[in-house]
Amino acid sequence: MRHSDRVDTIVKIGALTPPRNRWVFPLALLIFLHTPNIAWAEENYYQIINGTVDAINNNFITDRGYSVYVNFDGLRFLFDVGHKKKSFLGNMEAAGIGLAELDFVALSHRHDDHMRGWGFLRREQPLLHIYVTPESGFSHIGVSTEVIDHLKLSPNIYIIHTHDESASKYSNVYDELSLLIVTKSGPYLFTSNSHTDFFTKIEQAELLTGKKVYFHSGHTGRRVSPDDTIVANAKKMKSMGVKQVSPSHSKLSHDRIFEEIFGTEYIPAVVGKKVPLEPVP
31 MRHSDRVDTI VKIGALTPPR NRWVFPLALL IFLHTPNIAW AEENYYQIIN GTVDAINNNF
91 ITDRGYSVYV NFDGLRFLFD VGHKKKSFLG NMEAAGIGLA ELDFVALSHR HDDHMRGWGF
151 LRREQPLLHI YVTPESGFSH IGVSTEVIDH LKLSPNIYII HTHDESASKY SNVYDELSLL
211 IVTKSGPYLF TSNSHTDFFT KIEQAELLTG KKVYFHSGHT GRRVSPDDTI VANAKKMKSM
271 GVKQVSPSHS KLSHDRIFEE IFGTEYIPAV VGKKVPLEPV P
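Heads up, the sequence shown is in this note's numbering, so the first residue is 31 and it goes up one at a time.
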């Protein structure tokens, strides 16, 4: 229905209104015409499927696994696929997301709490495409593409590959993928576990988009780091121009440090909550 058709409909209905309510419909019409269109929010959002922060309601389960669902730029996909079948598939069902609607999956790295759900998905959707890092550990994964440097999947969605030789002393993981989404506010960067340096990932995102990263979600520092290093991480991230942070898959004490430094721009990574992403005009 065209905008003009909607206006005609309201005016005609208003003409049938008794005189004592003659101001109701003109007022409703005025509100209607000046209400901003937020239909984009219905199809442009991200949602934490698995994570350690409290869930939005009892239908969702929290655990140490990590998974994010994204509906943006006409694509529907998962970044990581959690750890346990009950929490991963249960939370997908609670979110109303059908496995058949997924366009692809991207796995950040080869640890079980990020990729174990792929076994459940593969049985249901054997031809579902998956993006992985160019390292050993994914030979069994199925229909896949290795991301060497970065891959542009749509006008505003990128997958970024990071290699870090120093990461081995923490986790034996040298390679990770990150998710980059360009929105009206600026680039949103999801770095999952951040075994490799997340400052390098922020710099990569800036080079690709020519813009400062607006939002960062992911692990806030290696688990062996003392709290004073986490403070330094938060301060450095803020100095790099990051406006909003949503720490996930990390220690609660680390999250609190980021909350203290970023204040109202700290966004809790609540499991199951839909967070709108406003598309580029």
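No residue lacks a Cβ here, since even glycine has one placed at the ideal position from N, Cα and C. Values in this document were obtained by computation on a predicted structure and should not be read as measured data.
The three-state secondary structure of residue 105, taken from DSSP, is strand. Annotation: the continuous alpha helix (DSSP H) that includes residue 117 extends over 115-124. Here residue 179 is exposed, its C-beta having fewer than 16 other C-beta atoms within 10 Å.
Residue 274 is bridged by DSSP to 245. Three or more beta-carbon pairs drawn from the segment 289-300 and the segment 256-271 are found closer than 8 Å, and the two stretches are therefore classed as touching.
DSSP places residue 143 inside the alpha helix (DSSP H), whose first and last residues are 142-145. Counting the other CB atoms within 10 Å of its CB gives residue 228 a total of 16 or more, which places it among the buried residues. Residue 110: not part of any alpha helix (DSSP H); DSSP gives it neither H nor E. In the structure shown, the three-state DSSP call for residue 80 is strand. Taking the Cα positions, residue 274 is about 20 Å away from residue 97. One thing to note: residue 174 has its Cβ no nearer than 7 Å to the Cβ of residue 189.
CA-CA distance, residue 118 to residue 82, rounds to 13 Å. Sequence-distant partners of residue 146 (beyond 5 residues in either direction) whose C-beta falls short of 6 Å from its own C-beta, in its chain, are 113.
Judged by beta-carbon spacing, residue 219 lies within the 7 Å limit of residue 243, meaning their Cβ atoms are closer than that value. For residue 92, the secondary structure class from DSSP, reduced to helix, strand or coil, is coil. Secondary structure at residue 230: helix, using DSSP grouped into helix, strand and coil. The C-alpha of residue 130 is placed about 24 Å away from the C-alpha of residue 222. Here DSSP, grouped into helix, strand and coil, assigns residue 86 to coil. Where residue 287 is concerned, the enclosing alpha helix (DSSP H) starts and stops at 282-292. Here the C-alpha atom of residue 79 lies approximately 30 Å from the C-alpha atom of residue 195. Residue pairing by DSSP places residue 224 in no beta bridge whatsoever. CA-CA distance, residue 269 to residue 110, rounds to 29 Å.
When only Cα atoms are considered, residue 104 and residue 202 end up about 36 Å apart.
For residue 174, the enclosing beta strand (DSSP E) starts and ends at 174-176.
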